[in-house]
Structures are given as structure tokens and as C-alpha cells.
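Per our numbering, numbering of the sequence shown is gapless, rising by one per residue and ending at 591.
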Amino acid sequence: MKSVFAVMTALARRTGALNLGQGFPDSDGPDFLLDAARRAIGEGLNQYPPVNGLPRLRQAISEQREAEYGLRYDPDSEIVVTMGATEAVAAALPALCDTGDEVIVFEPYYDAYGAAISLAGGVRRTVLLQRDGDRFVFDPDELRGAVTSRTRVILLNSPHNPTGKVFGLRELEQIAEVCREHDLIAVTDEVYEYLTYDGVRHITLASLPGMRERTLAISSAGKTFNVTGWKVGWACGPARLVDALVSVKQYLTFAGGGPFQAAVAEGLRNPRPWVDTLRDDLQGRRDTLLTGLAAAGIRTWTPEGTYFLQADAASFGHHDGEELCHVLAERAGVVLLPSTAFYDDEEAGRPLLRLAFCKRRQTLDTAVERLTAFALARPQETQA
Ligand SMILES: *Cc1c(COP(=O)(O)O)cnc(C)c1O
208 MKSVFAVMTA
218 LARRTGALNL
228 GQGFPDSDGP
238 DFLLDAARRA
248 IGEGLNQYPP
258 VNGLPRLRQA
268 ISEQREAEYG
278 LRYDPDSEIV
288 VTMGATEAVA
298 AALPALCDTG
308 DEVIVFEPYY
318 DAYGAAISLA
328 GGVRRTVLLQ
338 RDGDRFVFDP
348 DELRGAVTSR
358 TRVILLNSPH
368 NPTGKVFGLR
378 ELEQIAEVCR
388 EHDLIAVTDE
398 VYEYLTYDGV
408 RHITLASLPG
418 MRERTLAISS
428 AGKTFNVTGW
438 KVGWACGPAR
448 LVDALVSVKQ
458 YLTFAGGGPF
468 QAAVAEGLRN
478 PRPWVDTLRD
488 DLQGRRDTLL
498 TGLAAAGIRT
508 WTPEGTYFLQ
518 ADAASFGHHD
528 GEELCHVLAE
538 RAGVVLLPST
548 AFYDDEEAGR
558 PLLRLAFCKR
568 RQTLDTAVER
578 LTAFALARPQ
588 ETQA
């Protein structure tokens, strides 16, 4: 079965439309990082790295977690390097779940989670992120109600794709309380840890009381350094959880990307100057889209992080985001992603569209012009 991502990308190619559907950046990573990877290849780092990753990268991850979050992880027993965050999630769930065990995810959720839970033989329980003013929020009672005797894992993504929500301290406390009370493991996808806006800070769930010992915290270099094709990710947690992940990972990919691991080790030693600039730049691009769409009367929800924002299909006079995305590709020359791709409850996602703003300003400006023209032309067309 083709994913909606593939369908929309094919549509962009066929129609020549601008593609704000797929979430990869269209500018490159920092020169020093690219140079470091070339150097590592030249130095002959081209055979299998250790299954848990190059020691220098595990060391750098350990230092980064301590500097950013005050959490200490032993580089030898509590950190594993993976083929992107995707492999970390795909190995963690089979490692932690038996057939029939339940995994709680907040809906909408990143599409790879559904597949990873299925591979694990797990059962997905969703907790809805509801639209509330300018935010997406969950009902703590719904979260409590989702826990059963079979619940094993809460899979949390913050900053959150596709809504751009950054879970706040109070919300994280509510999640942590449920984890502690029911002895659940938390798997946290933090790939956008540096990409938060308006002074909002990412808080890792593992930093809350009683959570470090029950959390596998996952991140990746892809979004932090604009190198999504490198697929260097990692997971940090107590040794028993990391060991379990490695026991699956060794038969998935074993290990890969040695030269890229070496480069990321250099990048993580001092990520701030580069990512601070990237973050400010992305915030500016987010604002370009938000302002432009607001001027055209298109309803959006302001993201506090990530590459993405949600817009309301109803602003274009459509109830169905999927249908609208096809119309926009053909008639407005812009490809967006229907948010139903991220929902089990298709009705909940039906009115929403995901727009990626990790694109060049010129691309965003043109997209706003085209969407504006389409939105403004609509009333006359309806009358005709
Ligand atoms: C992009 C993305 C990933 C994928 O990370 P990789 O390191 O490329 O595997 C994982 N989770 C979320 C929420 C993402 O948006």
C-alpha cells in the first residue's frame, strides 16, 4: 500500500506544484559537519561500527544530554546509536512489548509509530489531542482511561509532529504520574528537541521525578543539523531498556553510517551556534506562513516547535482535507498533506492540513501567494 506521503509527492511531481507536504529541509547541513563526514571517509572509517555506535559519538551524546537536560547517561551501557530515530522506535517497541501489549500514543501521531507497534504485535491506544483555541491539548482523564492491565508503553513525541505542539511541564507531569502509577515505560521521540520557538523550551520527560529509570529518550541528528539523509539517531535510558533495544537492533540493521556517526560526534560537541541560527530562521519562516495565511483568512494553529503547522480546510470551503489537497495540487499549484495520515479516527483529522515550513523563503512566499489567490477566488466560483 502506498503511503499518503508517496501519493502527495507523486502528485507534486506530476503537476509541478510546490511541495509543502513532505517534511525535509531544502537547504544543507553546516559545512563543518559535511567536511567532518568527508574526512572520516578519507580516514578509512568505512567498516561496521560497533552495534551500539562509535564510542566518540556515545560520549558526545552523553555530554549533550547532561549539558542540555542535566541528565547523566553512561556512554557504554546507557546509550545506543541507531539508524535514525526511526530505527530506535522500530527496535524499542518489539523490545519492550509482548504480543497483545498496549501502547498509548497521542493522536495525531507520526505515521511510523503505527507500523512499529504492529511489528511488535502490540495494540495501539490513542489519546486525542483536541483543538483548544490556538493549542492542541489532551484530557488527562482520557489518558488515565486509556490505561489497562495490558498497557506497557506510552510513546510520546514532543515537540510534536504534525501539530507543532510542545508538551509543557504540567502536561508532562500528568503523563509521568500515569507512568509511575501503572509502572509504564515511556518512549520519547525528541527529534525536534532544538527546534522550538518564541522562547518555549523542550523538556525531556526523563528529567521528571522517577522517570529517568523508566524512559527511553530518542533523538536524531537529521532535524538538528539538516541532514535527514544521514539517519544517525540514538536512544538513552537505563541499561536494561537500552540492552533490550540492542537485542532487536542487532538483527535489524546491526549498525551503519560510520563516517556520519563520526561527523555527528563533532557536531554534538557544540551544537548551539548552528542550531540557534537554524531555529531563529525556521521561526521566521513559520511566521511568514502564519502571517500570509492569516491575511488570506486561512485558519491556522501556531506551532511552538517542529517543521509543521496545521491549517483548517474549512477556510478553503472544504470539509475534507484529503479532497482539498488534490484540488490544491491541481488548481493552486501547492501540495499539502491531509492530516488524516496521522489519525486512526479519520473524522478527527478530516478538516486538517499539514504544511511544512522547512522550505526556502521564496518557496513559502510563492505558496502563500498561490493559496491566497485560490482562497480568494473561491466565493465567486461558488456563485458561478
Ligand atoms: C522526522 C521524524 C523522525 C525520523 O527521524 P530519523 O532520524 O530520520 O529516522 C522521527 N520522528 C519524528 C516525529 C519525525 O518527525
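Positions of the beta carbon are idealized from the N, C-alpha and C atoms, including for glycine.
Every value quoted in this text rests on a predicted model; they were computed, and no experiment measured them.
Could you work out which residue in the options is closest to residue i when comparing CA atoms only?
i, options, result
"residue 504", "542, 285, 563, 584", "584"
"residue 441", "385, 472, 388", "472"
"residue 347", "384, 319, 414, 309", "384"
"residue 302", "562, 501, 452", "452"
"residue 254", "325, 364, 219, 467", "467"
"residue 418", "484, 394, 542", "394"
"residue 330", "517, 340, 361", "361"
"residue 338", "212, 556, 274, 295", "556"
"residue 325", "316, 310, 315", "310"
"residue 436", "420, 291, 460", "291"
"residue 312", "365, 569, 562, 211", "365"
"residue 375", "368, 352, 409", "409"
"residue 539", "224, 478, 273", "224"
"residue 367", "545, 387, 316", "316"
"residue 242", "507, 470, 425, 552", "470"
"residue 458", "351, 526, 294", "294"
"residue 573", "554, 496, 274, 527", "496"
"residue 212", "580, 579, 533, 552", "533"
"residue 296", "319, 402, 258", "319"
"residue 397", "306, 341, 428", "428"
"residue 550", "321, 577, 304", "321"
Helix, strand or coil: how does DSSP classify residue i here?
i, result
"residue 569", "helix"
"residue 324", "helix"
"residue 589", "In this prediction, residue 589 has a pLDDT of 47, which is less than 50 and means its spatial position is unreliable; what the coordinates show is noted afterwards. Note: residue 589 maps to helix in three-state DSSP."
"residue 454", "helix"
"residue 435", "coil"
"residue 539", "helix"
"residue 377", "helix"
"residue 258", "coil"
"residue 545", "strand"
"residue 443", "strand"
"residue 561", "strand"
"residue 462", "coil"
"residue 278", "coil"
"residue 356", "coil"
"residue 318", "helix"
"residue 304", "coil"
"residue 349", "helix"
"residue 234", "coil"
Within the same chain, show all residues whose beta-carbon is closer than 6 Å to that of residue i, passing over the 5 residues directly before and after it, in chain order.
i, result
"residue 432", "236, 240, 474"
"residue 343", "336, 370, 372"
"residue 349", "334"
"residue 575", "499"
"residue 455", "298, 301, 302"
"residue 566", "233"
"residue 476", "267"
"residue 446", "284, 285"
"residue 587", "Confidence in residue 587 is poor, its pLDDT being 48 and thus under 50, which makes the residue's placement unreliable; the coordinate value appears in the next sentence. Hits under 6 Å: none found."
"residue 377", "none"
In the DSSP assignment, find the unbroken alpha helix (DSSP H) run with residue i in it and report its ends.
i, result
"residue 248", "238–249"
"residue 467", "465–476"
"residue 424", "Taken as a continuous stretch (DSSP letters only), residue 424 belongs to no alpha helix (DSSP H), being part of the beta strand (DSSP E) at 422–427."
"residue 495", "479–502"
"residue 549", "Counting along the chain, residue 549 falls outside any alpha helix (DSSP H), and DSSP gives it neither H nor E."
"residue 222", "211–222"
"residue 413", "Here residue 413 belongs to no alpha helix (DSSP H), and DSSP marks it neither H nor E."
"residue 530", "528–534"
Report all residues from its chain with a CB closer than 8 Å to the CB of residue i; omit the five preceding and five following residues, and keep chain order.
i, result
"residue 589", "Bear in mind that the predicted position of residue 589 carries a pLDDT of just 47, short of 50, making it unreliable; the figure below should be weighed with that in mind. Hits under 8 Å: 524."
"residue 389", "354, 358"
"residue 404", "486, 489, 490, 493, 510, 511, 512"
"residue 582", "503, 504, 505, 522, 523"
"residue 536", "215, 218, 219, 222, 224, 542"
"residue 515", "230, 368, 369, 370, 371, 561, 562, 563, 564"
In terms of residue numbering, what span does the beta strand (DSSP E) encompassing residue i cover?
i, result
"residue 337", "337–339"
"residue 343", "342–344"
"residue 519", "515–519"
Just list the residues that DSSP pairs residue i with in beta bridges.
i, result
"residue 334", "313"
"residue 361", "311, 393"
"residue 512", "403"
"residue 290", "439"
"residue 507", "518"
"residue 226", "542"
Within its chain, find whatever has a CB closer than 7 Å to the CB of residue i; leave out the 5 residues flanking it on each side and keep chain order.
i, result
"residue 415", "379, 380, 383"
"residue 412", "363, 379, 382, 383, 393, 395, 418, 422"
"residue 443", "268, 272, 280, 285, 286, 424"
"residue 568", "492, 495"
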